[in-house]
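S.K.: This is the structure I have questions about; it appears just below.
Residue numbers (our numbering), protein chains in the order written: chain A, 1 to 321; chain B, 1001 to 1146.
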């Protein structure tokens, strides 16, 4: 199993991006991502050309679209289900997400706490979804310097609230990549666990919710039971005593230009009695913990280019369900 | 040949609506040409500040009036989609005040799929994502190219 850095939210001239398909592919390759999804607003007309360009550069490509409605945005990855976005509203969104799932596509609620209309039209989540059972994941991070943004902090809180209700959602990042930015801008990637380094492998990893969002740090986490069995992010884990094993290293390929210094690791979620925070640096980390029913996620914080920020947040282990 | 010509004026009451303009293609043609424009592109009036504050509050954030004014002007946004006899042909979701969209079997504007322009009922849909200004006018012209 290998974690690959993937960008799940991009745009081209086929909607309101500044990039041609070839431009986007060259940007993705330049920053060291292993692959990306094209999610133009309400059109997939660019997917064929972009996919061909991506393949030529050895990048993994996920066809997609962003349902861009008056009530919020949803990135949909897989390219199988193509509803009329004009019929998507708070009354129909849950059925559309379910139909997308049944078709094999993955759905991610995009930038739910970004300020909406009239500042960013339709950007904030006004869908008022009640049943999250068909949704694949949640953009807990979006945009530039994601570990410091107030919108993202609210998105993370909301994500944890949804998890506390017993839903299982993958934590993902979306750059919402429309155009070039200033040279010193800071971004993240969604690291997806894959058995096969191809489109199918990444889609499977997202479906299994074996992901974390990170700026410049690669990590590997698992819970080791007393019997010696390993459990990975996104998996169902029986309650009990485990050793949480973490290995973290600087990503020397993807967004490698940032100076990232991890300082603390926090174990968060209602599976623990209370949040546990320890000091951490690059290398290995292990801690014996007792976990009850609920979710357990990992957060790493520290310095990114001398600014204090969250560096990594994982999808959780789902304990007892 | 002109297949559709429309001019409409919208107000805030028309926000978050899809307005459909049907037209008929009687015989198979080589291409469709659509020219779509709207104005004004943005609005900086103080009466918009309350909406900006409201947008922040909806996502759990406070903002004072002076900081809210820094978001001015805000953009109006109308987007265009096209349906043909066999379903949706494409969508132009862009912040461009004038767009020229050409669609034929061989090539199509970004956002649209190249399709043969067969006889049948078509419709242009104008989606009003944001109407910040008191008035917003759009113009639409659809022509067939033989």
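For every residue, glycine included, the Cβ atom is placed at its ideal position computed from N, Cα and C.
1. Using 8 Å for Cβ pairs, my map puts residue 1052/B next to residue 1124/B. What's the rounded Cβ distance?
2. Between the stretch 92-99 of chain A and the stretch 1032-1047 of chain B, do at least 3 Cβ pairs fall closer than 8 Å?
3. If we call anything under 8 Å between Cβ atoms a contact, is residue 294/A one with residue 269/A?
4. What residues from chain B crowd round residue 18/A, counting only those whose CB sits closer than 7 Å?
5. Would residue 1047/B be called buried (16 or more neighbouring beta carbons within 10 Å of its own) or exposed?
6. Could you give the DSSP three-state label for residue 1026/B: helix, strand or coil?
7. Would you please verify whether the beta carbon of residue 1051/B is less than 8 Å from any beta carbon of chain A?
8. Taking DSSP as the reference, what is the three-state secondary structure of residue 155/A?
9. My guess is that residue 5/A and residue 1055/B are in contact by the Cβ rule of under 8 Å, so how many angstroms apart are they, rounded?
10. Can you check which of these residues, 184/A, 138/A and 153/A, is closest to residue 168/A by C-alpha distance?
11. Using a Cβ cut-off of 8 Å (strictly closer), state whether residue 1093/B contacts chain A.
12. Exposed or buried, what is residue 38/A when buried is set at 16 or more other beta-carbons lying within 10 Å of its beta-carbon?
13. Between the Cα of residue 215/A and those of 309/A, 136/A and 278/A, spot the shortest distance and give me the residue it belongs to.
14. Could you please tell me which residues of the stretch 67-101 of chain A, in chain order, have their CB closer than 7 Å to any CB of chain B?
15. Grouping DSSP H, G and I as helix and E and B as strand, with all else coil, what is residue 1113/B?
16. Counting only Cβ pairs nearer than 8 Å, list the residues of chain A close to residue 1077/B.
17. State the beta-bridge partners of residue 231/A as determined by DSSP.
18. Per DSSP, residue 1039/B forms a beta bridge with which residues?
19. Expressed to the nearest angstrom, what Euclidean distance is found between the alpha-carbon atoms of residue 306/A and residue 255/A?
20. To the nearest angstrom, how far is the alpha carbon of residue 177/A from that of residue 9/A?
21. If you measure from the beta carbon of residue 1135/B to each beta carbon in chain A, is any gap under 8 Å?
22. With 8 Å set as the bound, which would you pick, yes or no: does the beta-carbon of residue 178/A sit closer than that to a beta-carbon of chain B?
23. Which ranges does the alpha helix (DSSP H) cover as unbroken runs of at least 4 residues, wholly within the stretch 37-110 of chain A, from first to last along the chain?
24. If you reduce the DSSP assignment to three classes, tell me which class residue 26/A lands in.
25. How long is the line joining the alpha carbons of residue 15/A and residue 64/A, rounded to whole angstroms?
26. If contacts are defined as beta-carbon pairs under 8 Å, then residue 143/A and residue 175/A qualify, I think. What distance do you get, rounded to the angstrom?
27. Going by C-alpha to C-alpha distance, which of 311/A, 105/A and 42/A sits closest to residue 187/A?
28. Assuming residue 202/A is part of the alpha helix (DSSP H), what are its boundary residues?
29. Rounded to the nearest angstrom, what separates residue 195/A and residue 1108/B at their Cα positions?
30. Going by DSSP, what residue range makes up the beta strand (DSSP E) through residue 244/A?
31. What do you get for residue 1067/B, buried or exposed, if any count of 16 or more other CB atoms within 10 angstroms of its CB means buried?
32. Among the residues of its own chain, which have a CB less than 7 Å from the CB of residue 1113/B, if the five just before and after it don't count?
33. Select from the stretch 1038-1066 of chain B all residues with a C-beta closer than 7 Å to any C-beta belonging to chain A, and list them in chain order.
34. Going by the CB atoms, is the gap between residue 208/A and residue 244/A shorter than 8 Å?
35. Starting from the beta carbon of residue 38/A, find every residue of chain B whose beta carbon is closer than 9 Å, and list them in chain order.
36. Should the stretch 96-115 of chain A be regarded as contacting the stretch 43-56 of chain A, the criterion being three or more beta carbon pairs within less than 8 Å?
M.R.: The relevant details are as follows:
1. Counted from its first residue, the second chain places residue 1052/B at position 52. Counted from its first residue, the second chain places residue 1124/B at position 124. About 31 Å; that fails the 8 Å criterion.
2. The way I'd put it, the stretch 92-99 of chain A doesn't touch the stretch 1032-1047 of chain B; fewer than three beta-carbon pairs between them come closer than 8 Å.
3. Taking the first chain and counting its residues from 1, one reaches residue 294/A at position 294. Taking the first chain and counting its residues from 1, one reaches residue 269/A at position 269. A contact, by the Cβ cut-off of 8 Å.
4. If you number the first chain from 1, residue 18/A lands on position 18. Ordered by position in chain B, no residue passes the 7 Å Cβ test against residue 18/A, which lies about 10 Å from the chain.
5. What you label residue 1047/B is simply residue 47 of the second chain in a count that begins at 1. So residue 1047/B counts as exposed.
6. For the purposes of this step, residue 1026/B is identified with residue 26 of the second chain, where counting begins at 1. Secondary structure at residue 1026/B: coil, using DSSP grouped into helix, strand and coil.
7. For the purposes of this step, residue 1051/B is identified with residue 51 of the second chain, where counting begins at 1. With 8 Å as the cut-off, residue 1051/B counts as an interface residue toward chain A.
8. Here the question's residue 155/A lines up with position 155 in the first chain. Helix, per DSSP.
9. Working through the first chain from its first residue, we reach residue 5/A at position 5. Working through the second chain from its first residue, we reach residue 1055/B at position 55. About 32 Å separates the two Cβ atoms, so there is no contact after all.
10. To locate residue 168/A, count along the first chain from 1; it is residue 168. Per the Cα distances, 138/A.
11. Counting from 1 along the second chain, the entry for residue 1093/B is found at position 93. Taking Cβ atoms only, chain A reaches closer than 8 Å to residue 1093/B, which makes this a yes.
12. Within the first chain, numbered from 1, the residue matching residue 38/A stands at position 38. Residue 38/A sits buried, since 16 or more C-beta atoms from the chains shown fall within 10 Å of its C-beta.
13. Taking the first residue of the first chain as 1, we reach residue 215/A at position 215. Nearest of 309/A, 136/A and 278/A to residue 215/A, Cα basis: 309/A.
14. Answer in chain order: 68, 70, 84 and 86.
15. Your numbering for residue 1113/B matches position 113 in the second chain. Looking at residue 1113/B - three-state DSSP - the assignment turns out to be coil, as it is neither helix nor strand.
16. Sequence index remark: in the second chain, residue 1077/B carries index 77 (1-based). Under a criterion of Cβ atoms nearer than 8 Å, the residues of chain A adjacent to residue 1077/B are, in order, 121.
17. Along the first chain, read from residue 1 onward, the residue named residue 231/A stands at position 231. In the DSSP output, where bridge partners are listed per residue, residue 231/A has 223/A.
18. Residue mapping note: residue 1039/B aligns to position 39 of the second chain, counting from 1. DSSP lists 1137/B as partners of residue 1039/B.
19. Taking the first residue of the first chain as 1, we reach residue 306/A at position 306. Taking the first residue of the first chain as 1, we reach residue 255/A at position 255. Computed Cα separation, rounded: 16 Å.
20. Position 177 of the first chain, counted from the start, is the residue given in the question as residue 177/A. Position 9 of the first chain, counted from the start, is the residue given in the question as residue 9/A. Near 6 Å, if we compare the C-alpha coordinates of residue 9/A and residue 177/A.
21. Stepping through the second chain from its first residue, residue 1135/B is reached at position 135. At least 8 Å separates the CB of residue 1135/B from every CB of chain A.
22. Stepping through the first chain from its first residue, residue 178/A is reached at position 178. Chain B contact via Cβ: absent.
23. Segments of the alpha helix (DSSP H) lying fully in the stretch 37-110 of chain A: 47-56 and 93-103.
24. As a first step, residue 26/A must be located in the first chain, where it is residue number 26. In the three-state scheme derived from DSSP, where H, G and I count as helix and E and B as strand, residue 26/A is classed as helix.
25. The residue given as residue 15/A occupies position 15 in the first chain. The residue given as residue 64/A occupies position 64 in the first chain. Rounded to whole angstroms, residue 15/A to residue 64/A spans 13 Å at the Cα level.
26. The sequence position of residue 143/A within the first chain is 143, counting from 1. The sequence position of residue 175/A within the first chain is 175, counting from 1. Indeed, because the Cβ distance is near 7 Å, the residues count as touching under 8 Å.
27. Here residue 187/A refers to the residue found at position 187 of the first chain. Taking the Cα of residue 187/A as reference, the smallest distance to any Cα among 311/A, 105/A and 42/A is reached at 311/A.
28. Along the first chain, read from residue 1 onward, the residue named residue 202/A stands at position 202. Taken as a continuous stretch (DSSP letters only), the alpha helix (DSSP H) holding residue 202/A covers 199-207.
29. Position 195 of the first chain holds residue 195/A. Position 108 of the second chain holds residue 1108/B. Answer to the nearest angstrom: the Cα atoms are 39 Å apart.
30. In the first chain, the residue the question calls residue 244/A occupies position 244. Counting along the chain, the beta strand (DSSP E) containing residue 244/A begins and ends at 240-250.
31. On the second chain, position 67 is the one that residue 1067/B refers to. Label assigned to residue 1067/B: exposed.
32. On the second chain, residue 1113/B is found 113 positions in, with the first residue counted as 1. Within the same chain, 1089 and 1090 come within 7 Å of residue 1113/B by CB-CB distance, once the 5 residues on both sides are set aside.
33. Listed by position, the residues of the stretch 1038-1066 of chain B near chain A (Cβ gap below 7 Å) are 1048, 1051, 1052, 1055, 1056, 1058, 1059, 1060 and 1061.
34. Locating residue 244/A in the first chain gives position 244, where the first residue counts as 1. Locating residue 208/A in the first chain gives position 208, where the first residue counts as 1. No, Cβ-Cβ distance for residue 244/A and residue 208/A is not below 8 Å.
35. In the first chain, residue 38/A corresponds to position 38, counting from 1. The contacting residues do not exist; residue 38/A stays about 12 Å from chain B at best.
36. As far as the Cβ criterion goes, the stretch 96-115 of chain A does not touch the stretch 43-56 of chain A, which means the pair count is below three.
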